[in-house]
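So the structure is just underneath, and the comments pick up after that.
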Amino acid sequence: MLNKLVIETEEELKDKFNEIDETALKNSEKVLDAFHKERLQSSDFNGTTGYGYGDVGRDKLERIYADIFHMEKALVRNQFVSGTHALTVAFFGLLRPGDTLLSIAGLPYDTLHKVIGIIPNESSLMSFGINYKYIDLINNDFDYDRIKNSLDNVKVVHIQRSIGYSDRETLSIEKLEIVIKFIKDINKEIIIYVDNCYCEFCTDLEPTDVGADIVVGSLIKNLGAGIANNGAYIVGKSHLIDLCAERLTSPGLGSEVGPSLNQNKYFLEGLYFAPMVVANALKIKLLTGKLCQKLGYKVINENLNDIVLGIVFNDEKKLINYVKTIQEVSAIDAHFEPVPTDMPGYDNKIIMASGSFTDGSSIELSCDAPIREPYIAYQQGSLTYEYGKIGIIKALEKIGNK
Ligand SMILES: *Cc1c(COP(=O)(O)O)cnc(C)c1O
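For the sequence shown, this note's numbering begins at 20 and goes up steadily by one.
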């Protein structure tokens, strides 16, 4: 039975789990200090409607995000429909016709291909005359020679930390710090833009602590902690955030409009729980990784830089079977069967197990994959360690039996 293997594996992971708990403590201190600094009070939960002028809670929430990231300003909005939307707003906010965007962590996340114009689209950055280049990583690190030779006329350097649907490793804060310093030493005017999806609170430092100018992420991932109902954030230097705000709403309106409706409490409560929830997700990532290997599966991205574990199946049927099994052990919709399907923004068919309280939420136990070689399942989350542990034990037993 798996139970004995699980107890053994938990014992082996003790030191790593302690390390994760220490990070959660530091991040909780950051959150609490920011709440106190802003004198957060229960009336801040009252949202606004209509234009959303004078939304005190929303404004405090954004200052709290800015404080946690040690930055000047933030946009934390339910008007962002997803992480992709916030990333898009930031690209269009910062770039103008004739400017150049350079990605230095390889091809970006699938949904950004049409945003940028890597796959032609009438509304892409390229369609507005913005130039685009990307540089692949080598051995999971930056290609410094090529970066150095590609920086002429570059306005924005885009760095995606997490692996997306690739087979590389998530980039650590240490690697980020070195490459940002390298670029800024060559030209300090270049804007460093980081896609921070899945990485928030995995360590006690964020990209903005090591020189990033602007950082973007989704609230149905780490910082929403399964409590935020939707939304995303952009945090960074003041003038950059203002440019993004004018793109999210309208030139001249900027961040002053945008009603929080009744979401302030959920955003703040999500942030409050996020250090612990991210810690649980990290523990489930490590536990799943070790168990999978003991059972003969290959895994990738076994590190504490984000909450995503890749399980390599090299076989379409086995991949689909695993994803279905994760759906079967989910809290909600467990009796539904996920099937590979076309999804807006993605090039391949995608299969997604997300039996979650919030639709598509991947801080909850979830597993998704593009149907393409080498057939990797990307697993994230679990809001609690216990539900995650129960889920993966059941899932691994089920695929063992099939
Ligand atoms: C999840 C994710 C996004 C955004 O995805 P949405 O589903 O649009 O929120 C962007 N980049 C990376 C690396 C991601 O993991």
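The beta carbon of each residue, even a glycine, is placed where N, CA and C say it ideally should be.
Problem - Sufficient close CB pairs (3 or more, under 8 Å) joining the region 243–260 to the region 313–322 - result: Counting Cβ pairs under 8 Å, fewer than three are found: no touch.
Practice task
Report whether the distance from the Cβ of D214 to the nearest heavy atom of ligand 2 is below 7 Å.
Solution key: Inclusion of ligand 2 in the displayed structure is not the case, the ligand content consisting of ligand 1 alone.
Practice task
Would you check if the region 57–65 and the region 325–334 touch, i.e. whether three or more CB-CB distances between them fall below 8 Å?
Solution key: Because the criterion of three Cβ pairs below 8 Å is not met, the region 325–334 and the region 57–65 do not touch.
Exercise for the section: Excluding the 5 residues preceding and the 5 following N367 in the sequence, name in chain order all residues of the same chain whose CB lies nearer than 6 Å to its CB. Expected result: Answer for N367: P389, I390, R391, listed in chain order.
Handout entry: Other residues of its chain near Y279: CB distance less than 7 Å, five sequence neighbours each side excluded
Key = With the sequence shown as reference, residue 279 is identified as Ser, and Tyr is not the correct amino acid for it. Correct list, in chain order: G66, T67, G71, D74, G76, R77, N97.
Handout entry: Own chain, CB closer than 7 Å to D160, minus 5 neighbours either side, in chain order
Key = The answer, listed in chain order, is K194.
Problem - Cβ-Cβ distance between G136 and L144 below 8 Å - result: A contact, by the Cβ cut-off of 8 Å.
Problem - Anticipated Cβ contact below 8 Å, A85 with K79, distance rounded - result: Cβ atoms of A85 and K79 stay farther apart than 8 Å, at about 11 Å.
Practice task
Quick one: grab the DSSP three-state call for D52.
Solution key: Helix at D52.
Exercise for the section: For S185, count neighbouring Cβ atoms within 10 angstroms of its own Cβ and tell me buried if that reaches 16, exposed if not. Expected result: That one is buried.
Problem - Residues that DSSP places opposite M371 in a beta bridge - result: According to DSSP, M371 bridges with D387.
Problem - At least 3 beta-carbon pairs within less than 8 Å: the region 34–44 vs the region 281–292 - result: Touching, no, given that fewer than three Cβ pairs across the two stretches are closer than 8 Å.
Handout entry: Given P359 as reference, the closest of K200, L338, K167 once Cα atoms are compared
Key = Cα-wise, what sits closest to P359 is L338.
Exercise for the section: Taking only the alpha-carbon atoms, compute the straight-line gap between G410 and M20 and give it to the nearest angstrom. Expected result: Spanning the two alpha carbons is a distance of roughly 15 Å.
Practice task
Would you check if the region 238–245 and the region 346–361 touch, i.e. whether three or more CB-CB distances between them fall below 8 Å?
Solution key: Flag = no, the region 346–361 and the region 238–245 do not touch.
Exercise for the section: Report whether the distance from the Cβ of G277 to the nearest heavy atom of ligand 1 is below 7 Å. Expected result: Result no, Cβ not under 7 Å from ligand 1.
Exercise for the section: Would you be able to state if there are at least three C-beta pairs under 8 Å between the region 101–109 and the region 300–308? Expected result: No, the region 300–308 does not touch the region 101–109.
Practice task
Could you pull the start and end residues of the alpha helix (DSSP H) that D162 belongs to?
Solution key: Taken as a continuous stretch (DSSP letters only), D162 belongs to no alpha helix (DSSP H), as it is neither H nor E.
Problem - Stretch-stretch touch, CB-based, cutoff 8 Å, three pairs: the region 172–190 with the region 286–301 - result: Segments in contact, no.
Exercise for the section: Measure the C-alpha to C-alpha separation of D204 and L170 and round it to an integer number of angstroms. Expected result: Between the alpha carbons of D204 and L170 lies a gap of roughly 12 Å.
Handout entry: Neighbourhood of I210 by C-beta, 8 Å cutoff - its chain only, sequence neighbours within 5 removed
Key = For I210, where only same-chain residues beyond five positions count, the Cβ hits under 8 Å are L113, K174, V175, V176, D232, I233, L259.
Practice task
May I have a chain-ordered list of the beta strand (DSSP E) segments no shorter than 3 residues that lie completely inside the region 251–328?
Solution key: Secondary structure within the region 251–328: the beta strand (DSSP E) runs of 3 or more consecutive residues, fully enclosed, are 251–255, 317–319 (chain order).
Exercise for the section: For F54, count neighbouring C-beta atoms within 10 Å of its own C-beta (all shown protein chains included) and say buried if the count is 16 or more, exposed if not. Expected result: With 16 or more Cβ atoms within 10 Å of its Cβ, F54 is classed as buried.
Exercise for the section: Alpha carbon to alpha carbon, how far is F355 from G230? Give it in angstroms, no decimals. Expected result: Going by C-alpha positions, G230 is about 45 Å away from F355.
Problem - Alpha-carbon spacing of A353 relative to I26, whole angstroms - result: If you take the alpha carbons of A353 and I26, they lie about 26 Å apart.
Handout entry: Own chain, CB closer than 7 Å to I370, minus 5 neighbours either side, in chain order
Key = The residues are I339, V342, P357, V358, P359, D387, A388, I390.
Practice task
State the Cα-Cα distance for the pair S146 and N140, rounded to the nearest angstrom.
Solution key: Rounded to the nearest angstrom, the two C-alpha atoms are 7 Å apart.
Exercise for the section: Could you spell out the range, first to last residue, of the beta strand (DSSP E) harbouring H177? Expected result: Residues 173–179.
Exercise for the section: State yes or no: is the C-beta of K304 nearer than 7 Å to some heavy atom of ligand 1? Expected result: Between ligand 1 and K304, a heavy atom-to-CB distance of less than 7 Å is absent.
Exercise for the section: Confirm, please, whether the CB-CB distance from G379 to S373 is below 8 Å. Expected result: Yes, the Cβ-Cβ distance between S373 and G379 is below 8 Å.
Exercise for the section: Please confirm whether any heavy atom of ligand 1 lies closer than 7 Å to the CB of K240. Expected result: Correct: K240 has its Cβ closer than 7 Å to ligand 1.
Exercise for the section: Can you tell me which of K23, F88, V318 puts its alpha carbon nearest to the alpha carbon of Q398? Expected result: Ranking K23, F88, V318 by CA distance to the CA of Q398 puts V318 first.
Problem - Cutoff 7 Å; reference P116; Cβ partners in own chain excluding five residues on either side - result: Non-local beta-carbon contacts of P116 in its own chain, meaning distances under 7 Å to residues more than five positions away in sequence, involve F147, G148, I149 in chain order.
Practice task
Under 8 Å by Cβ, that's how I've got L94 and C263 pegged, so tell me the actual separation to the nearest angstrom.
Solution key: Right, their Cβ atoms sit about 6 Å apart.
Problem - Nearest-angstrom Cβ-Cβ length linking A109 and Y212, presumed shorter than 8 Å - result: Yes, A109 and Y212 are in contact; Cβ-Cβ is about 6 Å, under 8 Å.
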